[in-house]
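These protein sequences, in sequence, are chains A, B and C.
Residue numbers for the first sequence follow this note's numbering, beginning at 1 and rising by one.
Residue numbers for the second sequence follow this note's numbering, beginning at 1001 and rising by one.
Residue numbers for the third sequence follow this note's numbering, beginning at 2001 and rising by one.
All C-beta atoms, glycine included, are put in the ideal place defined by N, C-alpha and C.
Following: one structure in structure tokens, then a few remarks.
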Amino acid sequence: MMWRFDFWWLPRALILGLLAFIIFGPLTNLLLWTVAEKWYFPHMLPLEYGFSFWERVFSPRGNAMGSLATSILVASLTVVVSLALAVPAGYALSRLKLPFRGLILLAFLIPQAFPNLPVYVNIARFFYQIGLNGTVAGVVMVHVTHGLVYAVWIATAAFSAVQIDLEEAARSIGAGPLRAFRDITLPLAAPGLLASAIFVFLESLDEFTGSYFVGAPDVNTLPLLLYTASSGGNYQIASITALLLLIPSIGFMLVVERFLRADVLSKVGH
Amino acid sequence: MKTLLQASLILGLAASPAAAADLTVLTAGDQNMVDYINDYLGPLFEKENPGTTVRVVGTGPGDAGSQKIVERFDAQSKANVEKWDADVAVVHEKFAGPMVKDGYLESYRSKIASGEMVTSEKAKMALGSNVDGYVMPMFSSQTAIAYNPALIPTPPKSYEELVTWAKENPKQFGYNGIKGGASGVSFVMGWIYAFGDGDAKKLMNGPFEEAETKKWDKAFASLKDFTTNATLTPGNAGTLDMLSRGEIAMGPVWVDMFYSWQADGKLPPEMKLFLPAPGMPGQPMHYVIPAKSPNTELAEKFVALATSPKVQAEGIVKRFNWYPGIDAKFVQPELDKASWDKLFVDISPDDLSTKAKPFPIAPYNSAILEAYEKNVAN
Amino acid sequence: MRNKLLAILLVLPALVMIVLFFIVPLIASILGAFEVGDAWGLGNFRKSFELYSSDMIFTVVIVTVSTALIGLFSVAIGGYLTLGENPRAVAILRWLYRWPMFIPFIVVGQILRTFLAKNGLMNNILVSLGLLTPLQTVGFLDWRGIVIAFVWKQTPFVTLLVAGAMASLDRSTIEAARNLGASRLRILIEIVVPQIAGTLLVGLILSFVTMMSVLSVPLMINAQSPTMLTADIAFRINAHGDYGVANALGMISLILTTGVALIYLRQTMKERS
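See the structure below:
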């Protein structure tokens, strides 16, 4: 067989190349800063490379690994709680008759819509009163209130997108409502739900203000380290910390994708 | 995955209750403040007090960092918490006054040995409010103008000369307005000291008079003019950032940040600082102890150590090139001449004594910021 | 009736969570917005409009422009992932587009600041490739930088949702249209997008809301006035300890986002009836 050149690769390569530059340009910047010992104008690339800032991040007192573990724990719990609350809520909001449906959907949006800074003092005060301050549970609660909007809204959209006749068909051949939900509706809505899980996970992993007010100094998450470093312009330390945060994010997505692909694939051809 | 989760679950839950001898330090300011306690002060204190652990939490640079500490205290005070979750806090000068006024702090200076080694006015009055006894200065920070001597061999010496220079070199001077951190604020305050029609001394020492706030119109008009010719940078770090990339040739910075950027290899080593006449403000960072700290005695010991001449010399001056918090005459004997002189490479002690000013007292401070928003930013 | 009760029971746990842990604390803030000294009044709102009305417009314009661009790019990427016929190109694109999603906003601010600046890495690369001369370089650290940062970070988020919805579409209509000779662009616009419009709208509104409340990006990228409302709120609190105006600005921001959310709610209401 003769090898033929596909001319479509010209525009494709151009566009993909441009996209790669847009996406990896800034990321390269991040990577370079993690190993830059000296970098200033007019030098395009760092003058000296080294790992001295890694030593600072991983110094025993820096507690980077402990914070990372806490971050992962908090984010995982946040996902579990958010989805446990959002799946029934999303189903009701999309399928069932509900009074004040619009208002309810709006309520979930509020934690994202009101800039948080002024509210956290009140939340912290409330949490101090009920003894939730400085506990993992308290931090998870705060993250859940922020993650729920993604979980609930996306779950609602995902359930709405599932054709209702499929469910009705299952019911008509004798499946109970729970079974129809578990076997038909849930798998079909799964891609959306799992996507929302990723967002909730990322949201929790990046959250700083709430973690500080409710968690610190007993529960230290990685963004607490990141925030001080990044806003003070400590590019090296911030970049290394951000790189550390990439590990759970990407790991979580890969795990989710495995489930996601299996589920979607099992539906193909049915 | 599952075992990892379980492991971290146990880890996370077991780690949460604090042990009795944990000393918790909240610190506003840059990463280097956190590092200072983690790398130097903490281990030193633990060695002297076996069995204790120092935990430090950074709350972020600038006023925002100190504000987060105030809010934390606010929340605990309003929730009537018996024992608060912080033993020592490091805050900007501006926030010491309100904390004292709200009764959050313990008066401890007379109880520690180094208390007598502080005679500076700034340890008694913080922007017009009486904080005598409640604070110990950790170090004094100063703003100055950073420049690249390769581009500017003879820097301007005063605000007037700076204005002329900026006119001749459009967009080469950069500052961060007033919303991105205090180095820009400090530049603006210096501007009012230099060009305001009122009495700069009154702004620094009070008393507050409404009439005084009407005397800045001309100064703000010229500042607006000046700003159109300047570059606005994003934040304290943003000014340093643009200096490091050669996008601006000059800009106001915090002296301590400037040195740590140089040490981290983010600024060319040949960059220098100068203080323009009549001067720019600086402020100390203060150690404070919450009245409801669970380990008051330990906290006092900690601050006593942190403000002892030895630590001020070794930690503050030698390691970081910061100006000491306690009086210099107690610190200087602890150091060799070379380390001491390094403090004054760019800015001479004479310059410091004549051109390092305090910030205006709180009500003037707010009035100037608001006037800036109305007159310059719009 | 039983149905309605069940629906309420299903929503209740999530709702209680939000109300107890956010809306109740929020009420104190909202009340604070109307507190002027010791009395009630609209002084904080008057001051907000007096000082920050240009920032309000700026915020809405920036976020709207970003949302529009995000919508455009996410449909384009999602569309190619669904309709693209070269498996290798699709695979590359799928691998490529998601990365920015994993970078926290504060780091996005930091890396784009050092990337997009006049003498930043981007211009340095372009100059050394000979595509630009040093005199032609422009910095993007103004409103454009904010838009770029938002689009960079949020496009993968919406794309992930949109591509997921597109993947679970019934392929038979698409195949049929393809067999009838319809171009892929036409299929995308006329068949695919209408079917995933709901998901797209949800994604865009969530992005809109997220962008409205991001503080680090405007703080780190754009220094000029006007700036975004979140920066003003932080400034009122940190420089003045002024929660009144901060809360008033928060209320205004909330009202702006609610307006956008209502568009979506009306849309879904129409679909349901």
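Counting only C-beta atoms, is residue 1359(B) closer than 9 Å to chain A at any point?
Residue mapping note: residue 1359(B) aligns to position 359 of the second sequence, counting from 1. No, because no Cβ of chain A sits closer than 9 Å to the Cβ of residue 1359(B).
For residue 1242(B), decide whether its Cβ has a neighbour in chain C, counting only Cβ atoms nearer than 9 Å.
What you label residue 1242(B) is simply residue 242 of the second sequence in a count that begins at 1. Chain C, which has a Cβ nearer than 9 Å to the Cβ of residue 1242(B), makes this yes.
Thinking residue 1189(B) and residue 1368(B) are a contact (beta carbons under 8 Å), I'd like their distance in whole angstroms, please.
What you label residue 1189(B) is simply residue 189 of the second sequence in a count that begins at 1. What you label residue 1368(B) is simply residue 368 of the second sequence in a count that begins at 1. That pair is a contact at about 7 Å.
Local conformation of residue 2243(C) per DSSP, three classes
Mapped onto the third sequence, residue 2243(C) falls at position 243. In the structure shown, residue 2243(C) sits in a helix (DSSP, three-state: H, G or I).
Under the three-state DSSP convention, the category residue 8(A) falls into:
Working through the first sequence from its first residue, we reach residue 8(A) at position 8. Of the three classes helix, strand and coil, the one that applies to residue 8(A) here is coil, per DSSP.
Measure the C-alpha to C-alpha separation of residue 42(A) and residue 2141(C) and round it to an integer number of angstroms.
Counting from 1 along the first sequence, the entry for residue 42(A) is found at position 42. Counting from 1 along the third sequence, the entry for residue 2141(C) is found at position 141. Looking at the two C-alpha atoms, the distance is approximately 19 Å.
Cβ-based neighbour list, residue 2052(C), same chain, cut-off 6 Å, excluding 5 preceding and 5 following
In the third sequence, the residue the question calls residue 2052(C) occupies position 52. For residue 2052(C), where only same-chain residues beyond five positions count, the Cβ hits under 6 Å are 2232.
Of all the CB atoms in chain A, is at least one closer than 9 Å to the CB of residue 1016(B)?
Here the question's residue 1016(B) lines up with position 16 in the second sequence. Annotation note: pLDDT 40 at residue 1016(B) (below 50); position unreliable, coordinate value reported separately. For residue 1016(B), the nearest beta carbon of chain A is closer than 9 Å to its own beta carbon.
Taking only runs of the beta strand (DSSP E) that begin and end inside the region 1083–1149 of chain B, which ones reach a length of at least 3 residues, in chain order?
1088–1092, 1136–1147
Have a look at the DSSP bridge pairing and note the partners of residue 1023(B).
Position 23 of the second sequence, counted from the first residue, corresponds to residue 1023(B). The partner list for residue 1023(B) (beta bridge, DSSP) reads 1054(B).
Going by beta carbon distance, what residues of the same chain come within less than 8 Å of residue 1208(B), once the five residues before and after it are set aside?
Walking along the second sequence from the start, residue 1208(B) turns up at place 208. Excluding residues within five positions, the ones whose Cβ falls inside 8 Å are 1128, 1361, 1363, 1364.
Under 7 Å Cβ to Cβ from residue 2094(C), same chain only, skipping five residues before and after it: list those, please.
Numbered from 1 along the third sequence, position 94 holds the residue referred to as residue 2094(C). The answer, listed in chain order, is 2081.
I'd like the list of long-range same chain contacts for residue 2160(C), defined as Cβ closer than 8 Å, with 5 residues on each side in sequence excluded.
Here residue 2160(C) is taken as the residue at index 160 of the third sequence, counted from 1. Same-chain partners within the cutoff: 2098, 2101.
Go ahead and pull the three-state DSSP assignment for residue 1231(B).
Against the second sequence, residue 1231(B) aligns to sequence position 231. Of the three classes helix, strand and coil, the one that applies to residue 1231(B) here is strand, per DSSP.
With a threshold of 8 Å, are at least 3 pairs of Cβ atoms found where one atom belongs to the region 1020–1029 of chain B and the other to the region 1083–1092 of chain B?
yes
Rounded to whole angstroms, what's the CA-CA distance from residue 1272(B) to residue 1254(B)? Just pull it up for me.
Against the second sequence, residue 1272(B) aligns to sequence position 272. Against the second sequence, residue 1254(B) aligns to sequence position 254. If I take the Cα positions, the gap works out to 12 Å.
Can you name the residues of chain A whose CB is closer than 7 Å to the CB of residue 2110(C)?
By 1-based counting over the third sequence, the position of residue 2110(C) is 110. By Cβ distance, chain A contributes 230, 235, 238.
Among 135(A), 200(A), 211(A), whose alpha-carbon lies nearest the alpha-carbon of residue 248(A)?
Translated into positions along the first sequence, residue 248(A) becomes position 248. It is 200(A).
Run through chain B and tell me which residues come within less than 7 Å of residue 2235(C), C-beta to C-beta.
Position 235 of the third sequence, counted from the first residue, corresponds to residue 2235(C). Within chain B, the residues near residue 2235(C) are 1179.
Could you check whether the region 112–122 of chain A touches the region 2205–2222 of chain C, counting it as contact only if at least three pairs of C-beta atoms, one from each stretch, sit closer than 8 Å?
They touch, by the three-pair rule.
C-beta contact flag for residue 2056(C) and residue 2045(C) at 9 Å:
On the third sequence, residue 2056(C) is found 56 positions in, with the first residue counted as 1. On the third sequence, residue 2045(C) is found 45 positions in, with the first residue counted as 1. No, the pair does not count as a contact, with Cβ atoms beyond the cut-off.
Name the chain A residues that come within less than 7 Å of residue 2250(C), Cβ to Cβ?
Working through the third sequence from its first residue, we reach residue 2250(C) at position 250. Correct list: 114, 115, 118.
Report the rounded CA-to-CA distance for residue 1144(B) versus residue 1156(B), giving the unit in angstroms.
Residue 1144(B) sits at position 144 when you count from the first residue of the second sequence. Residue 1156(B) sits at position 156 when you count from the first residue of the second sequence. In a straight line, the C-alpha of residue 1144(B) is about 12 Å away from that of residue 1156(B).
Measuring CB to CB, does residue 1304(B) end up less than 9 Å from residue 1331(B)?
Against the second sequence, residue 1304(B) aligns to sequence position 304. Against the second sequence, residue 1331(B) aligns to sequence position 331. Contact flag unset, no.
Going by DSSP, which residues form a beta bridge with residue 2035(C)?
As a working mapping, residue 2035(C) is identified with position 35 in the third sequence. DSSP lists 2040(C) as partners of residue 2035(C).
Burial state of residue 1262(B), where buried means 16 or more other Cβ atoms lie within 10 Å
Here residue 1262(B) corresponds to residue number 262 of the second sequence, with the count starting at 1. Buried.
Nearest to residue 2240(C) by alpha carbon, out of 1233(B), 1181(B), 1268(B), 1215(B)?
Along the third sequence, read from residue 1 onward, the residue named residue 2240(C) stands at position 240. If you compare the alpha carbons of 1233(B), 1181(B), 1268(B), 1215(B) with that of residue 2240(C), the shortest gap goes to 1181(B).
Can you tell me where the alpha helix (DSSP H) with residue 1078(B) in it begins and where it stops?
Residue mapping note: residue 1078(B) aligns to position 78 of the second sequence, counting from 1. Unbroken alpha helix (DSSP H) run through residue 1078(B): 1062–1078.
Between the beta-carbon of residue 1023(B) and the beta-carbon of residue 1059(B), is there less than 9 Å?
For the purposes of this step, residue 1023(B) is taken as the residue at position 23 of the second sequence. For the purposes of this step, residue 1059(B) is taken as the residue at position 59 of the second sequence. No, these two residues do not count as a Cβ contact at 9 Å.
With DSSP as the reference, please indicate the residues paired to residue 1251(B) in a beta bridge.
Reading the second sequence from its first residue, position 251 is the one you call residue 1251(B). According to DSSP, which records beta bridges pairwise, residue 1251(B) is partnered with 1146(B).
Measuring alpha carbon to alpha carbon, tell me which of 2259(C), 2150(C), 2191(C) ends up nearest residue 2112(C).
By one-based count along the third sequence, residue 2112(C) stands at place 112. The candidate whose alpha carbon is nearest that of residue 2112(C) is 2150(C).
Alpha carbon to alpha carbon, how far is residue 2237(C) from residue 125(A)?
Against the third sequence, residue 2237(C) aligns to sequence position 237. Against the first sequence, residue 125(A) aligns to sequence position 125. Distance between the alpha carbons of residue 2237(C) and residue 125(A) is about 17 Å.
For residue 1270(B), which three-state DSSP category applies?
For the purposes of this step, residue 1270(B) is identified with residue 270 of the second sequence, where counting begins at 1. Note: residue 1270(B) maps to coil in three-state DSSP.
Mind listing the chain C neighbours of residue 227(A)? Cutoff is C-beta to C-beta under 8 Å, in chain order.
Mapped onto the first sequence, residue 227(A) falls at position 227. Per Cβ cutoff of 8 Å: 2106.
Measuring CB to CB, does residue 2248(C) end up less than 9 Å from residue 2117(C)?
Within the third sequence, the letter at position 248 stands for residue 2248(C). Within the third sequence, the letter at position 117 stands for residue 2117(C). No.
Contacting residues, own chain, Cβ-Cβ under 8 Å from residue 1158(B) (five flanking each side not counted):
Start at 1 with the first residue of the second sequence, and residue 1158(B) comes out as number 158. So the qualifying residues of the chain are 1194, 1276, 1277, 1278.
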